[in-house]
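Engineer: Numbered by our numbering, the letters in the sequence shown go through residues 21 to 501 in order.
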Amino acid sequence: MRGIVWFRRDLRLHDQPALTAACRECDEIIPLFVFDDSLLQSHVFGAACVNFMLGCLQELSMSLAERGVVLRWRRGNPVEEVVRAAREWKADALYWNRDYEPATIERDRAVQQRLAQTGVVVRTFKDHVVFESEEIRGATGDPLQRYSAYRTRWWAKWQATKPSPLPIPRAMTASKNAVFPASPPLPSALELGYDLVTPWIEPGERNAKKRLQWFIEGPIHTYGNGRNMPGIDGSSRLSPHFRFGTVSACTAISAALGAFAKGGRASRADVMIWIDELVWREFFQQVLSAFPRVVNGPFRNAAVPPAREPGPERNRLFQAWCDGKTGFPIVDAGMRQLNQTGWMHNRVRMVVASFLVKDLRLDWQSGERYFMQRLLDADVAANNGNWQWCAATGTDAMRGYRIFNPVLQSKKFDPDGAYIRAYVPELSGVATRWIHEPHVMSLDEQGRVGCRIGADYPLPLVDHAQARREYLDLGQQLVTR
Ligand SMILES: Cc1cc2nc3c(=O)[nH]c(=O)nc-3n(C[C@H](O)[C@H](O)[C@H](O)COP(=O)(O)OP(=O)(O)OC[C@H]3O[C@@H](n4cnc5c(N)ncnc54)[C@H](O)[C@@H]3O)c2cc1C
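Following this line, the structure appears as structure tokens:
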């Protein structure tokens, strides 16, 4: 039997259910990746993400080649390309791991329908999450809409089933069919229509493994505090790897649980906090899967103040936010980190999102789109879920009208300004006591440190206290109306 393994967001060999099943059931396997032309042309994702994906594919291709198997690739409409590949290569079966984005579900259904007419067997597998939406349900069988309830059931399910990662298949047999033309090298980012950039986080399964090991041996044991400090390397930075599946959630959680043994009682809480972040990830995947409407609008019709009307003022504010020129150093450092590296610290993501929605009163979907275009880890479920959380329209909305104060957040989580100085060089000479709100420096002080506010670094775009009051007043009017 000849089987095609269609790789998508699962670019690894270890704990890879579709690949494992194909190797078990087929005499010959043909790994395939398809570059989706219309997705690439839409530029929903940016150069950082595309370059990272290509790095992962390069490594996957080498790992397969070491085992005597060639990764083949095609470019075009994935439905047409996969169906054509199955026909041309006379495949008996097609294997893939499931995805939960509405557009992808539709695409996969189309492939399945087309292949049903040709007799090619389609086998699909759970991979991207430990538990799919249908496996974690409330007492009435409905999808859960609160993270806390979801988390309780997720852990009960883990305890009951104790999942463990699959090993790399021992034997992979390449197709011996001589009619196969040699596979050309993978395309470059330029050939796909994107700039060439070196991914800030190293791509590929080997790097994911190294990073996980480094994290499990060190920072996980202080994660409870470390995760909030953008100036230190306190979180795993594995998000792009989870996004492209160079490490599975099951592998990471199993490794973290194994860290209990090494860390002793003191680190147990930290390890659990980290695993809970992966449960959040699964929660947002199940929200997307069960409520696909979230991609087009709010999860719930919350009484939140309306966004500012379109027009030049809105555009000016949005551009300043995107460019990291708001005059709020922590916001600017975050946006510049995103623009320069394709990644932003989670605490700062929350601060910049709150600032966009509450201080500038701009629509959260603009922020969501900008993040998708810039992030290495751009993921529909996590991005949408978190933006809706920050905008108070999501499943677990921020309670009441909670509004982050960017200056207090900065003082608390970047106390010495190391993060700000790393990304806002104009402020590098500013003393720590002024770094969080440099506009309060005297003119003398500004001259002394060589940073004139309003010239070298912008004045604050808004008065936070006033913006907060206006937002709350607008919210109050909606409630009492
Ligand atoms: C406005 C906003 C947008 C976001 N957009 C994305 C996105 O597009 N893609 C993305 O992967 N994450 C997104 N996040 C979640 C979070 O910021 C990143 O997952 C995290 O910063 C990645 O860093 P890390 O790998 O060091 O995480 P760690 O702290 O080491 O956490 C481990 C893993 O858990 C998952 N995780 C952690 N926090 C969250 C969370 N709040 N929601 C969902 N999963 C989480 C990630 O897969 C992460 O790699 C967003 C958060 C906010 C506030």
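Yeah, the Cβ is synthetic: ideal placement off N, Cα and C, and Gly gets one too.
Here the structure is a predicted model, which means the values were calculated and not measured.
#1: Compute every distance between the C-beta of Gly-405 and the non-hydrogen atoms of ligand 1, then say whether any falls below 7 Å.
#2: Of the residues Leu-463, Asp-464, Asp-436 and Arg-472, which one's Cα is nearest the Cα of Ile-455?
#3: Taking just the CA atoms, how far does Ala-191 sit from Asn-425?
#4: From what residue to what residue does the alpha helix (DSSP H) around Val-102 run?
#5: Can you find a heavy atom of ligand 1 that lies under 7 Å from the Cβ of Glu-257?
#6: Hey, which unbroken runs of the alpha helix (DSSP H) at 4 residues or more fall wholly within the region 130-184?
#7: Skipping 5 residues on each side, what residues in its chain have a beta carbon closer than 6 Å to that of Ala-67?
#8: Following a CB-centred definition, is Met-461 positioned closer than 7 Å to any heavy atom of ligand 2?
#9: Mind checking which residues open and close the beta strand (DSSP E) that includes Val-25?
#10: List the residues that DSSP assigns as beta-bridge partners of Val-54.
#11: Per DSSP, Leu-114 forms a beta bridge with which residues?
#12: By a C-beta neighbour count over all protein chains shown, 10 Å radius and 16 as the cutoff for buried, is Ala-41 buried or exposed?
#13: Pull the bridge partners of Tyr-477 from the DSSP assignment, please.
#14: Using alpha carbons as the reference points, say which of Asp-493, Glu-121, Phe-55 and Gln-137 lies closest to Ala-324.
#15: Using 8 Å as the Cβ pair cut-off and three pairs as the minimum, do the region 256-275 and the region 388-404 touch?
#16: Tyr-443 lies in the alpha helix (DSSP H); which residues open and close that run?
#17: In three-state DSSP terms, what is Ala-451?
#18: Quick one: residues in its chain with C-beta nearer than 7 Å to the C-beta of Ile-295, no 5 flanking neighbours on either side, listed in chain order?
#19: Is Glu-225 close to ligand 1? I mean its beta-carbon at under 7 Å from any heavy atom of the ligand.
#20: Using 8 Å as the cut-off, can you tell me whether the region 126-140 makes contact with the region 162-170, which would need three or more C-beta pairs spanning the two stretches below that distance?
#21: DSSP beta-bridge partners for Ala-194?
#22: Check this for me: beta carbons of Gly-224 and Glu-79, under 8 Å apart or not?
#23: Check whether the Cβ atoms of Gly-354 and Val-372 lie closer than 8 Å to each other.
#24: Excluding sequence positions up to five away, which residues of its chain have a Cβ less than 7 Å from the Cβ of Val-70?
#25: For Leu-114 and Phe-53, what's the separation of their Cα atoms in angstroms?
#26: Please tell me whether Asn-404 and Leu-308 are closer than 8 Å, where the distance is taken between their beta carbons.
#27: Cα separation between Trp-341 and Val-291?
#28: DSSP three-state label for Ile-252, please.
#29: Within the chosen definition, does the region 311-321 reach the region 441-448 through at least 3 CB pairs nearer than 8 Å?
#30: In chain order, what residues of the same chain have a beta carbon less than 7 Å from the beta carbon of Val-460, not counting five sequence neighbours either side?
#31: How is Ser-62 classed by DSSP in three states: helix, strand or coil?
#32: Using a threshold of 7 Å, is the CB atom of Asn-321 nearer than that to any non-hydrogen atom of ligand 1?
#33: Three-state secondary structure (DSSP) at Gly-354?
#34: Suppose contacts are defined by Cβ-Cβ distances below 8 Å. Is Ser-268 in contact with Pro-185 by that definition?
#35: Take the Cβ of Pro-205 as the centre, count every other Cβ of all protein chains shown within 10 Å, and call the residue buried at 16 or more, exposed below.
Structural biologist: Judging by the given coordinates:
#1: yes
#2: Asp-436
#3: 56 Å
#4: 98-108
#5: It is worth fixing the name first, because residue 257 is Arg in this sequence and not Glu. Because some heavy atom of ligand 1 lies under 7 Å away, the Cβ of Arg-257 counts as near it: yes.
#6: 167-181
#7: Tyr-214, Asp-215 and Val-217
#8: With respect to ligand 2, the structure offers nothing, as its ligand set consists of ligand 1.
#9: 22-27
#10: Arg-94
#11: Ile-24 and Val-142
#12: buried
#13: Ile-473
#14: Checking the displayed sequence, the identity of residue 324 turns out to be Val instead of Ala. Per the Cα distances, Asp-493.
#15: yes
#16: 438-443
#17: coil
#18: Ile-273 and Ala-276
#19: no
#20: no
#21: Ile-49
#22: yes
#23: yes
#24: Ala-209, Leu-212 and Tyr-214
#25: 12 Å
#26: yes
#27: 34 Å
#28: coil
#29: no
#30: Trp-454
#31: helix
#32: no
#33: helix
#34: yes
#35: exposed
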